[in-house]
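S.K.:
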Amino acid sequence: MIVILHSSIDKNSYDYQHTVSALEALPEIECQIHTYPGKYETITEIHLIGNTSKISKENIEALPAVSRVIRISDEYKILGREPGQPGFSFEYNGVTFSQENLHVFAGLCAVDNQKNVEAMMKALQAQGQVCTRMGAYKPRTSPYSFQGLGKACLPMVFEMAGKYGIKVIAMEVTHEKHVEEIAEVLNQLGNPTGVMLQIGTRNAQNFELLRAVGSQTTFPILFKRGYGISLSESLHAAEYLADAGNHNIIFCLRGVKSLFGAPHRNMVDFAHVPVIKRLSRMPVGIDPSHSVGLLSKSPDGISDIYHATTQGVISGANLVLVDFHPNPSEAIVDSRQAIHIHQLPWFLEDIAIARKAYEQRKILAQRWNNPNP
Ligand code: PEP
Ligand code: MN
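Our numbering puts the sequence shown at residues 1069 to 1441.
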C-alpha cells in the first residue's frame, strides 16, 4: 500500500508527525518513507510493507497529512505506476532526472587513453553538456578481448570530468567491488564529478549484483534491459534494485537479440519507450549505439543510429546513451558504432528537433484528450 502525503508537506508539522506515528503503530507493518523532490513540489510517500489486506484505506485517508492511498495490485511493487501516480524524479550532483526531461550521455564506449578522454570531455563542454559515458570495466564476449582499464583509469577520468564541468558519468560495473573502487577514487579526489552506475544487459538478471548495487544510495543506477529476456522480466529485475533500497533508477532500452534485427546489431526496441513510462515510474533511456551497432547511412544522408535515436526521442525518451570517439577507427571496443566527435553538434541538433516535435505531440494529445465542451 502506498500512502501519498500532501505535496511539499512540512516534516515538522503536527499533521506529518501525527500521520507518521499512526502508520508506524500499525502492527506487523513496516513503513518506508520516500521523498521525491520535483521541480515544483516534493512528493512524500510512505510505503506500507507487509500484509495490508486488513488495513482500511478509508482510515488511512482520514489521517491529516494524507492526500491519497493506493493499493498496489501490480507486480512491480515499487517501480510500477498506478493510474494517477507521478513518475519518479531525482536530482544527482545538480542534474535532475525524470520522466519529463531529456539528457544526452555521449562518450567513450571504453576508456582508452587520456588524450581521447580529454578530447571527449572538451567537446561535450563546448556543447553545454554535463553528462557523459565512460566505460572502465568492460564485459566482453571473449576473455581474450580488452577488458577495460578498470580502476587504474578512474583518477584520470574523474579529474578530466571535473576540469570540463561534467557532472554525471554513466559507468558500467560488473562486480560490487567496482562500486567501492569508484566511491573510493571519487572521495580521494574530493568528488570532482558524479557517477551513474550502469548495469549492463548481460547482468540484467545477475540478482546478487542487483541487490548489491541497489543497496547503496550514493549513486543512481542506469539499468539496461536484458537482451534475451522479456520486458516484464527486465522490469522485475529492476525491481530488485528498488527493493534493495535505491529508487533512483533509469531503465534503458538497448535492443534485443534477434536474427531478424540484421543488419542491425540488435532489434531496436524503442517503441517500448511509452510502454515503460506507462508501466513504471522510472525515467526511460535509449542506447542507439548498442541497438543499431553500425553507422550506415540511408539515402537521406542520415545514419541509422541517428534515425533510431530520434525515433526514441520523439516518443519521449529521457536519456540517450551513445558511443562517440575522437577517432572511431582506433576505438578498441565497438569501433563500428562510434560516431565521430566532430559530429556531436549535428547529433545534438537532430535530437533537439525530435524533442521539440515530441513536446508538440504532447500538446496535440492534450487537445484531443480534453476537448473543450
Ligand atoms: C555499454 O553500454 O557499453 C554496453 C556494453 O551496453 P550493453 O550492456 O547494453 O551491451
Ligand atoms: Mn560497447
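Cβ coordinates follow ideal geometry from the N, Cα and C atoms, glycine included.
(1) Short check: CB of Leu1116 to CB of Leu1091, under 8 Å?
(2) Entirely within the region 1240-1324 and at least 4 residues each: give me those alpha helix (DSSP H) ranges in chain order.
(3) Look at the Cβ atom of Gly1361, then the Cβ atom of Arg1293, and state whether they are nearer than 8 Å.
(4) Please report the distance separating the alpha-carbon of Asn1255 from that of Glu1129.
(5) Can you tell me whether Asn1271 is buried or exposed, with buried defined as 16 or more other CB within 10 angstroms of its CB?
(6) Check the DSSP bridge columns for Thr1377 and list the partner residues they point to.
(7) So for Ala1406, helix, strand or coil by DSSP?
(8) Taking only heavy atoms of the ligand MN into account, decide whether any of them is closer than 7 Å to the Cβ of Asp1402.
(9) Using DSSP with H/G/I as helix, E/B as strand and the rest coil, what is Ser1089?
(10) Report buried or exposed for Glu1240, applying the criterion of at least 16 other Cβ atoms within 10 angstroms of its Cβ.
(11) For Lys1325, which residues from the same chain have a beta carbon less than 8 Å from its beta carbon, with the 5 sequence-adjacent residues on both sides left out?
(12) In angstroms, rounded to a whole number, what distance separates the CA positions of Ala1194 and Ile1250?
(13) For the beta strand (DSSP E) containing Gln1167, list its first residue and its last residue.
(14) Once DSSP output is grouped into helix, strand and coil, what is the label at His1340?
(15) Residues in its own chain within less than 6 Å of Phe1214 by CB, not counting five upstream and five downstream?
(16) Are there any heavy atoms of the ligand MN lying less than 7 Å away from the beta-carbon of Asp1418, as far as the coordinates show?
(17) Starting from Pro1223, trace the alpha helix (DSSP H) both ways and give me its first and last residue.
(18) Have a look at the DSSP bridge pairing and note the partners of Tyr1160.
(19) Return the CA-CA distance between Val1185 and Val1137, expressed in angstroms with no decimal places.
(20) Could you give the distance in angstroms between the alpha-carbon of Gly1380 and the alpha-carbon of Ala1093?
(21) According to DSSP, simplified to helix, strand and coil, what is Asp1391?
(22) To the nearest angstrom, report how far apart Gly1282 and Trp1436 are at their CA atoms.
(23) Going by the C-beta, is His1358 closer than 7 Å to any heavy atom of the ligand MN?
(24) Exposed or buried, Gln1434, counting other C-beta atoms within 10 Å across all chains shown (16 or more means buried)?
(25) Here's the rule: buried if 16 or more other CB atoms are within 10 angstroms of the residue's CB, otherwise exposed. What is His1315?
(26) Could you check where the alpha helix (DSSP H) with Arg1435 kicks off and where it finishes?
(27) Work out the CA separation of Pro1394 and Ser1366 for me, nearest whole Å.
(28) When the distance is taken between beta carbons, is Met1264 closer than 8 Å to Ala1229?
(29) Taking Asn1181 as the reference, which of Leu1327, Ala1425, Lys1235, Glu1398 has the closest Cα?
(30) Cα separation between Phe1392 and Ile1373?
(31) According to DSSP, is Val1236 helix, strand or coil?
(32) Assign Asp1402 to buried or exposed, taking buried as 16 or more other Cβ atoms, counted over all protein chains shown, within 10 Å of its Cβ.
(33) Taking the alpha helix (DSSP H) that Val1185 belongs to, which residues open and close that run?
(34) Can you tell which of Phe1287, His1332, Ala1280, Pro1288 has its C-alpha closest to the C-alpha of Tyr1308?
(35) Specify, as a first and last residue, the run of the alpha helix (DSSP H) that Ile1128 falls within.
M.R.: Taking the geometry as given:
(1) It is a contact, given that the beta carbons lie within the stated cut-off.
(2) Runs found: 1244-1256, 1275-1282, 1299-1311.
(3) No; because the gap between Cβ atoms is not below 8 Å, this pair is not in contact.
(4) Between Asn1255 and Glu1129, the C-alpha separation is close to 44 Å.
(5) Answer is buried; the Cβ neighbour count reaches 16.
(6) Checking the DSSP bridge columns, you'll see Thr1377 has no partner listed.
(7) In the three-state DSSP reduction, Ala1406 falls in the coil class, being neither helix nor strand.
(8) Yes - the ligand MN has a heavy atom lying nearer than 7 Å to the Cβ of Asp1402.
(9) Three-state DSSP puts Ser1089 in a helix.
(10) Under this definition Glu1240 is a buried residue.
(11) Listed in chain order, the non-local C-beta contacts of Lys1325 below 8 Å within the same chain comprise Tyr1295, Gly1296, Asn1334, Met1335, local neighbours out to five positions each way being set aside.
(12) Rounded to whole angstroms, Ala1194 and Ile1250 show a C-alpha spacing of 26 Å.
(13) Here Gln1167 belongs to no beta strand (DSSP E), and DSSP marks it neither H nor E.
(14) Three-state DSSP puts His1340 in a helix.
(15) Non-local beta-carbon contacts of Phe1214 in its own chain, meaning distances under 6 Å to residues more than five positions away in sequence, involve Ile1400 in chain order.
(16) Flag unset: Cβ of Asp1418 not near the ligand MN.
(17) Run containing Pro1223: 1222-1231, per the alpha helix (DSSP H) assignment.
(18) Per DSSP, Val1163.
(19) Approximately 49 Å, taken between the alpha carbons.
(20) For Gly1380 and Ala1093, the distance between alpha carbons rounds to 46 Å.
(21) In this structure, Asp1391 counts as strand in the three-state DSSP scheme.
(22) It is roughly 40 Å from the alpha-carbon of Gly1282 to the alpha-carbon of Trp1436.
(23) Correct: His1358 has its Cβ closer than 7 Å to the ligand MN.
(24) Exposed.
(25) His1315 is classed as buried because its beta carbon has at least 16 other beta carbons within 10 Å across all chains shown.
(26) For Arg1435, the enclosing alpha helix (DSSP H) covers residues 1412-1437.
(27) Going from the Cα of Ser1366 to the Cα of Pro1394 covers about 23 Å.
(28) Between Ala1229 and Met1264, the gap from beta carbon to beta carbon reaches 8 Å or more.
(29) Of Leu1327, Ala1425, Lys1235, Glu1398, the residue nearest in Cα terms is Glu1398.
(30) Distance between the alpha carbons of Phe1392 and Ile1373 is about 11 Å.
(31) Val1236 falls in the strand class under three-state DSSP.
(32) Asp1402 should be labelled buried.
(33) It spans 1182-1194 - the alpha helix (DSSP H) in which Val1185 sits, taken as one unbroken run.
(34) Of the candidates Phe1287, His1332, Ala1280, Pro1288, the one whose C-alpha sits nearest the C-alpha of Tyr1308 is Ala1280.
(35) Segment 1125-1129, the alpha helix (DSSP H) holding Ile1128.
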